[in-house]
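Asker: Okay, here's the structure, questions in a sec.
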Amino acid sequence: MKLHEYQSKALLRECGVVVPDGHVASTADEARACAAKLFDAGSARVAVKAQVHAGGRGKGGGIKLAASAEEAGELAAAMLGSQLVTPQTGPDGVAVNKVYIEAGADIANELYVALTLDRGRGCPAVIASAEGGMDIEEVAARNPDAILREHCEPGWGLRPFQATRLAYRLGLSGKAARGAAATMMKLAKAYGDLDASLAEINPLVITGDDGVIALDAKFDIDDNALYRHPELAALRDSSEEEPLEMEAATHSLSYVALDGTVGCMVNGAGLAMGTMDEISNAGGFPANFLDVGGGASVERVANAFRILMKGERVSAVLINIFGGIVRCDRVANGVIEALKTVAVDVPIVVRLQGTNAKEGREILRESDREFIVAETLHEAAEKAVAAAGGGTA
Amino acid sequence: MKLHEYQSKALLRECGVVVPDGHVASTADEARACAAKLFDAGSARVAVKAQVHAGGRGKGGGIKLAASAEEAGELAAAMLGSQLVTPQTGPDGVAVNKVYIEAGADIANELYVALTLDRGRGCPAVIASAEGGMDIEEVAARNPDAILREHCEPGWGLRPFQATRLAYRLGLSGKAARGAAATMMKLAKAYGDLDASLAEINPLVITGDDGVIALDAKFDIDDNALYRHPELAALRDSSEEEPLEMEAATHSLSYVALDGTVGCMVNGAGLAMGTMDEISNAGGFPANFLDVGGGASVERVANAFRILMKGERVSAVLINIFGGIVRCDRVANGVIEALKTVAVDVPIVVRLQGTNAKEGREILRESDREFIVAETLHEAAEKAVAAAGGGTA
Amino acid sequence: MSIFVDSDSRILVQGITGSEGTFHTQQCREYGTNVVAGVTPGKGGMLFDDEVPIFNTVREAVAETNADVSLIFVPPPFAADAVMEAADAGVRLAICITEGVPTLDMVDVVGYCKARGTRLIGPNCPGVITPGQCKVGIMPGFVHQEGRVGVISRSGTLTYEAVDQLTRAGLGQTTCIGIGGDPVIGTTHKDCLERFAEDEKTEAVVMIGEIGGSGEEEAAAYIAEDYPLPVIAFIAGQTAPPGTRMGHAGAIIAGGKGTAAEKMKALRDAGAHVVGSPSEIGAKALEVLGA
Amino acid sequence: MSIFVDSDSRILVQGITGSEGTFHTQQCREYGTNVVAGVTPGKGGMLFDDEVPIFNTVREAVAETNADVSLIFVPPPFAADAVMEAADAGVRLAICITEGVPTLDMVDVVGYCKARGTRLIGPNCPGVITPGQCKVGIMPGFVHQEGRVGVISRSGTLTYEAVDQLTRAGLGQTTCIGIGGDPVIGTTHKDCLERFAEDEKTEAVVMIGEIGGSGEEEAAAYIAEDYPLPVIAFIAGQTAPPGTRMGHAGAIIAGGKGTAAEKMKALRDAGAHVVGSPSEIGAKALEVLGA
């Protein structure tokens, strides 16, 4: 689950990381009032920042500076309700529903600092770079040596000497080094305490008087750990989530919308990906990833149909079930029952394999509804692609 | 540093461990008022508990039950200002300055649970026993198998399965097992967070409805870690400390009063103990342990004289200095200078060894003050014991 | 021969009285697996299916039954602790089926198991099966057949698919391991490859990877060092979009890293037989090994 | 021959610019110790006494100078982190002089050093000296003399006392180790005994214990297993009252355990030559070894 900048900064503030004063606003009037407060408190200028999950906001015009409260209000008015297009959004962009109004900072130096999981090592790592304020993946691609790492080992976490070592390797010294090291320790603690999968400060700013300030911040939280952080779960911004994916999740289905024409319903995530690959090999394009899970009850299958048929371009459905503990004859019956409650007006290709596959196929062949029955996955994919009108994507 | 029961329970309460309602009182009137509150809140009886650091209070009459606020007041009046003698105090006992007035508990079962350092393993351990409410050392001596242990390994601490395992090994089940395990986890966390050297709940009570309550509690805090716990350092009850030891500590001297006749001043804790042993071997009795530390400046030596001469039975002083980095001639001069400011009216035996020992001895021999100069530690001890009037203790 | 488990393995089941634990323990026992103990705190002293003794703690279960492998069906909030308890009690192998364990819990668990010398398989995996000897997991036993090919996979049903093809091809399997679909797992592709290399009966390895992480690349680097067995590999998720989690917590192309194309290239360069489609696995294995 | 340090040891000093660090580094260098680097964060790039390069981090110091032993003079709040930094940077031996380190910090540090394979000596100790080769600590070098006896002690000046007696007796020392007076230490009496047993030049060991803990009892159990060298032992604190800390944080008879009498008995039963007085150490060693 992704958090917005303003939410992430509130968390950082609680952990003792210094962040500029700022307030979130949903209307231009609120934005103007927030900005006025900051100017009253002595800010020379304020930033107006679109609160969207996509990165690269600066490049898309989602971060602007204002020299007066009036100007801040105008900038907010222009941003709020608009679709912000950044290098990380699609061409349609994402709707801006909130802006963050923040005091300007005195920037002497911009660093990158983040905690993330190093999957190869199986533990979190601090990633740091002296090239702050940039897209870290670009930095990594262009100059891998500019990316510094320290690992948080199981049982030990990040030790102070590691944070200090990073600060010196970043070229800092004195007060700035101590401040940056302390910030990294706090960030690492927050990462662990909040079950984050990413805790990023970019840029971490060194001010003219060697202060250390988090100028932008981003937390991603491990969905599997939300059960122990109800306060974080409450921060979810559903306007940023894919509605179909959310609906699927409420039915314990794992669904991802894609832009092809063959709707897929598969049991198991790996097999679901494999089915998509097989469709692609057959010259077609999958319309979605959908793991219907282990049970494949009538209700689950019905929900799966309902969701995948919302894919606008779906012109055929491929059901691929490997019956293990689940028996294929039960799945076949489930599909037939589900189709009584959901209208599916495109051809349905079914491939059943494993326990009672033969019986399952028999049930489908004998039903009133017409199914295109296949034995192998390869055959199923070819038939589905043909049924969807060939390889036209 | 030892904490009182009432202080320890306040800490436990903060950590989420259930403790009976209770209030501390310094006068009988306060005690009566506290008891009245508890009776008003529904207590059937209250306990009046002397707040002293020594254990074995129950055996010494330091814990009494009252059936009314009036009775509680009377019991408190008798305890406050009295000298409480327990198996762990000397025959003079310790002064009772505060009592703790506590709601009575519904006791179905009494356990012992403590966190302490296992020096052999080099890590903390939970010690638990089904024989609660007793002196754990007695239990250990009588029935070692009744003492259960789980270690808190470096980096990992106490894991929930260990606490659960202890609870079942203690013979608990169901709600009581879960409650006891949860209490152990909280106690272990408190032990670590507070830099305790002992965190003891004895007895940990299982109530009739399988609740889990800490009925007595004791924390000892690692003195070396007090710098990072100013809130704990503030809890020190100096009325419980040996005044001479406290005075010594303010001068960075390590002093322990004993009841012999030969006052000792030595550099280094090991050598100070060895000197005491040597005095004992020579048939005498050391009056104190005193480590004057590395420097042995005039000021330190003067403070050391001042403190050790407060030992009432001191009838000779033995100074034993091994000059390493410190030169013995400097120490000799320091002793002579210090004696100008402190009156020492008993014979002083001096043994100097190591750097410039010969020069140091020469300085002492040539000074106005009469010193008994010895070369070996053995000789010094014999001379000091003789000077103190032989082996009469 | 086989790796990890065989007919001598003595299995204990943590969470044996839960609904998942009960069902799959019964399935494993029907397959012939030697389930010697169960653990559910608070149910110590009872019997599972009138035969298998239940204990309150793993230590007790191990002391009483000499169990050496633990199969874990404990819900996510308690799964990490359950694995640690197994490791602390000295079981040789812990197999954690549980899906949805917080990632940072697993970081600790994997470190703890390493320090104790306990091998962990999973979490979020179907388990391990040595056909004809021992099934320690939730896979359908009947698709498997004793044979010549070792199988390693990050997924469940996709593995059964591959296994089924191997069985139909008459090749059968030595041992099949589901290593799990989470970002942090106890045993990697490479770990399994090492073990298969030492197994006399394994003549080839089928390795099924997917997008996300770098486990397949690490396996490829290991294969490139003169790995003695032919490896048939498939990577799921060639058509998956970047930045999106595909079901498994670990199946995500993050920061442009962990694509199927990269993994396939690394494996191909290392000399593995990489197939582009999951339906080609059995045929490719047959081609490589001969009938 | 010697143990732990010799003329090839390359020493780095953590906290070299503090007052203690400065003074004792100079003393060590005067003794002939090869101090190759210092570490003080923020002073990287400077030189100590115009000769020894100072670095911001231990890793850098090790990379640049191949230091393999670290001598640590860092104040108590930072000492634990300093030892871990040394272990992380791969030094073979870390010697922590600092007194007053919180006990629970040391629990972590000792575990961390073990996991990294770094030997820690101390804290709260005088350090290690191999007379004539290398002094890595705060002991007065001149009382030592190259010779035949290994010395292990929990204390400072009492060790110098024993060393002085050995020197006067003409026996000299191979290596002298102050293991430290704290409740949790990195290297025990037993660890040192093991190493001395492997040292060709060491003909006997003087072991100085004190009240508190069970390190001496563990050493006794080890000596009882046919230890190849004669051991002369003294335990300080025969007259110490129970329950009272005698200077050293670790010198306390707690719960009736850790008395000098117990330790002396254990050592005597194990076959050690136990002396009742510190002034008898040299004479006893001479008696045991011959002139």
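Residue numbers (our numbering), protein chains in the order written: chain H, 1 to 393; chain C, 1001 to 1393; chain E, 2001 to 2291; chain R, 3001 to 3291.
Beta carbons: idealized from backbone N, C-alpha and C, even for Gly.
Please list, in chain order, the residues of the region 1035–1065 of chain C that have any C-beta partner in chain H closer than 7 Å.
Answerer: Answer set for the region 1035–1065 of chain C: empty.
Asker: Answer yes if the region 3008–3020 of chain R comes into contact with the region 3036–3043 of chain R, meaning at least three C-beta pairs across the two stretches below 8 Å, and no otherwise.
Answerer: yes
Asker: Would you mind reading off the limits of the alpha helix (DSSP H) that contains P2076 (chain E)?
Answerer: P2076 (chain E): member of the alpha helix (DSSP H) spanning 2076–2088, first to last residue.
Asker: Sort H:E278, H:R121, H:R300 by Cα distance to A338 (chain H) and report the nearest one.
Answerer: H:R300
Asker: Taking beta-carbon pairs under 7 Å, can you tell me which members of the region 140–166 of chain H lie near chain C?
Answerer: Under the 7 Å Cβ criterion, the region 140–166 of chain H contributes G155, W156.
Asker: Of all Cβ atoms in chain H, is any one closer than 9 Å to the Cβ of T3065 (chain R)?
Answerer: no
Asker: Does DSSP put V385 (chain H) in a helix, in a strand, or in coil?
Answerer: helix
Asker: Is any beta-carbon of chain R found at less than 9 Å from that of S173 (chain H)?
Answerer: yes
Asker: Could you give the first and the last residue of the continuous alpha helix (DSSP H) run that contains V335 (chain H)?
Answerer: 328–341
Asker: For H151 (chain H), which three-state DSSP category applies?
Answerer: In the three-state reduction of the DSSP assignment, H151 (chain H) falls in the strand class, which pools E and B.
Asker: Less than 9 Å between CB atoms is the rule here; does A393 (chain H) satisfy it with respect to chain E?
Answerer: For A393 (chain H), the pLDDT reaches just 45, beneath the cut-off of 50, and the residue's location in the model is therefore unreliable, although a value from the coordinates is still provided. False, the Cβ-Cβ gap to chain E never drops below 9 Å.
Asker: Are I307 (chain H) and V350 (chain H) close, meaning C-beta to C-beta below 9 Å?
Answerer: no
Asker: Are any of the Cβ atoms in chain R nearer than 9 Å to that of G1334 (chain C)?
Answerer: no
Asker: What residues of chain R sit near A177 (chain H), judged by a beta carbon separation below 9 Å?
Answerer: P3041, G3042, N3056
Asker: Could you tell me which of C:G1056, C:E1379, C:G1274 sits nearest to F1289 (chain C), measuring between CA atoms?
Answerer: Out of C:G1056, C:E1379, C:G1274, the CA that lies nearest to the CA of F1289 (chain C) is found in C:G1274.
Asker: Give every residue of the same chain whose Cβ lies closer than 6 Å to the Cβ of E1200 (chain C), excluding the five residues on either side of it in the sequence, and list them in chain order.
Answerer: A1114, K1218
Asker: Which class does D1195 (chain C) belong to by DSSP, given the choice of helix, strand or coil?
Answerer: Coil.
Asker: CB-CB under 7 Å to A1130 (chain C), same chain, minus the five flanking residues each way: which ones, in chain order?
Answerer: L1111, A1146, L1170, G1171
Asker: State buried or exposed for N3124 (chain R), treating a residue as buried only when at least 16 other CB atoms are found within 10 Å of its CB.
Answerer: buried
Asker: Mind pulling the chain E residues with CB within less than 9 Å of D410 (chain H)?
Answerer: No statement about residue 410 (chain H) is possible, as the shown extent of chain H runs from 1 to 393 and does not include it.
Asker: Identify, in the order they occur along the chain, each residue of the same chain with its Cβ nearer than 8 Å to the Cβ of V1096 (chain C), setting aside the five sequence neighbours on each side.
Answerer: A1050, Q1051, V1052, G1062, M1079, L1080, G1081, S1082, Q1083, L1084, listed in sequence order.
Asker: Return the CA-CA distance between T3103 (chain R) and D1222 (chain C), expressed in angstroms with no decimal places.
Answerer: 7 Å
Asker: Mind checking whether I2235 (chain E) and V2274 (chain E) have CB atoms under 9 Å apart?
Answerer: Here I2235 (chain E) is near V2274 (chain E), since their CB atoms are less than 9 Å apart.
Asker: Does the beta carbon of G274 (chain H) sit closer than 9 Å to a beta carbon anywhere in chain E?
Answerer: At least one chain E Cβ lies under 9 Å of G274 (chain H).
Asker: Do the CB positions of I1336 (chain C) and R1313 (chain C) come within less than 9 Å of each other?
Answerer: no
Asker: Can you tell me where the beta strand (DSSP E) with K49 (chain H) in it begins and where it stops?
Answerer: Run containing K49 (chain H): 46–50, per the beta strand (DSSP E) assignment.
Asker: Could you name the residues of the region 3129–3152 of chain R whose beta carbon sits closer than 8 Å to any beta carbon of chain C, in the order they occur along the chain?
Answerer: I3138, M3139, P3140, F3142, V3143
Asker: Looking at the unbroken beta strand (DSSP E) that takes in C1015 (chain C), where does it start and where does it end?
Answerer: First-last for C1015 (chain C): undefined, no H or E at that position.
Asker: Which chain C residues are close to E3218 (chain R), counting only those with a beta carbon under 9 Å from its beta carbon?
Answerer: G1120
Asker: Which residues in the same chain as G3090 (chain R) place their Cβ atom closer than 7 Å to its Cβ, once the five residues preceding and following it in sequence are excluded?
Answerer: V3062
Asker: Is there a Cβ from chain H that is less than 9 Å from the Cβ of A2272 (chain E)?
Answerer: no
Asker: Grab the span of the beta strand (DSSP E) containing K1218 (chain C) for me, first residue to last.
Answerer: 1217–1221
Asker: Could you work out which residue in H:G283, H:A388, H:A386, H:A357 is closest to A375 (chain H) when comparing CA atoms only?
Answerer: The sequence shown places Glu at residue 375 (chain H), not Ala. Looking at the Cα atoms, H:A357 is the closest of the given residues.
Asker: Please state the DSSP three-state secondary structure of H1023 (chain C).
Answerer: Here H1023 (chain C) carries a strand assignment [DSSP, helix/strand/coil].
Asker: With three or more C-beta pairs closer than 8 Å as the rule, is the region 2141–2154 of chain E touching the region 2196–2216 of chain E?
Answerer: Touching, yes, given that three or more Cβ pairs across the two stretches are closer than 8 Å.
Asker: Which bits of chain C does D2105 (chain E) rub up against, with CB to CB less than 9 Å?
Answerer: Residues of chain C with a Cβ closer than 9 Å to the Cβ of D2105 (chain E) do not exist; the shortest Cβ-Cβ separation is about 12 Å.
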